[in-house]
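Position one of the sequence shown corresponds to residue 30 (this note's numbering), numbered consecutively onward.
Glycine is no exception: its CB is placed at the ideal position from the N, C-alpha and C atoms.
Only a predicted model underlies this, so the values are computations on that prediction, with no experimental measurement involved.
Okay, so here's the structure we're looking at.
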Amino acid sequence: MIKKIIVFAVASLVLSIGVAPIYGIDPLERAVINDERLVNLSGATLGEHIIVNQQVQITAKITNTQDEIQDFVYIVQIKDENDIVVKLGWISGSLTSYQSFSPSLSWTPKESGVYNAEIFVWDSLLYQDALANFVTLEIITS
30 MIKKIIVFAV
40 ASLVLSIGVA
50 PIYGIDPLER
60 AVINDERLVN
70 LSGATLGEHI
80 IVNQQVQITA
90 KITNTQDEIQ
100 DFVYIVQIKD
110 ENDIVVKLGW
120 ISGSLTSYQS
130 FSPSLSWTPK
140 ESGVYNAEIF
150 VWDSLLYQDA
160 LANFVTLEII
170 TS
């Protein structure tokens, strides 16, 4: 009888507190992506409207939300109005605990239109394990 009570108590405890993810935090919360924007070569923020052949930097602030060093790959994928990838680039590095960093990748649009820059932060290109939800930045060129 005592054995049944102990099993029931342990099962109740597990159900009431839940089971923690393998990383201790949600895998998509190991990093945060915010402040995504277009900047010029001097770092000044631009609006979402740019002109054809104007070189821009696509940047975002990424923050490691963990108590440990985190390797990362900052990936920018730019798609045109037909959802075709017209640019793909990445930068890799490491963030110490709670460190923030604002990497950027350059792009020069060759045609007018509406583009979407998708920004991803993964642990590596090899394992492709997302550290945060990706964000999208709309870019209009004329």
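Asked: Where the beta strand (DSSP E) through residue 64 begins and ends; Found: 60 to 68
Asked: Start-to-end residues for the beta strand (DSSP E) that takes in residue 141; Found: Per DSSP, residue 141 belongs to no beta strand (DSSP E) and is neither H nor E.
Asked: Endpoints, beta strand (DSSP E) assigned at residue 134; Found: 133 to 136
Asked: Inter-stretch contact (C-beta, 8 Å, three-pair minimum) for the region 133 to 150 and the region 82 to 95; Found: yes
Asked: DSSP-derived helix/strand/coil call for residue 86; Found: strand
Asked: Residues near residue 108 by beta carbon distance below 6 Å, same chain, minus five either side; Found: 114, 145
Asked: Separation of residue 80 from residue 94, as counted between CA atoms; Found: 36 Å
Asked: Residue 81 - DSSP class collapsed to helix/strand/coil; Found: coil
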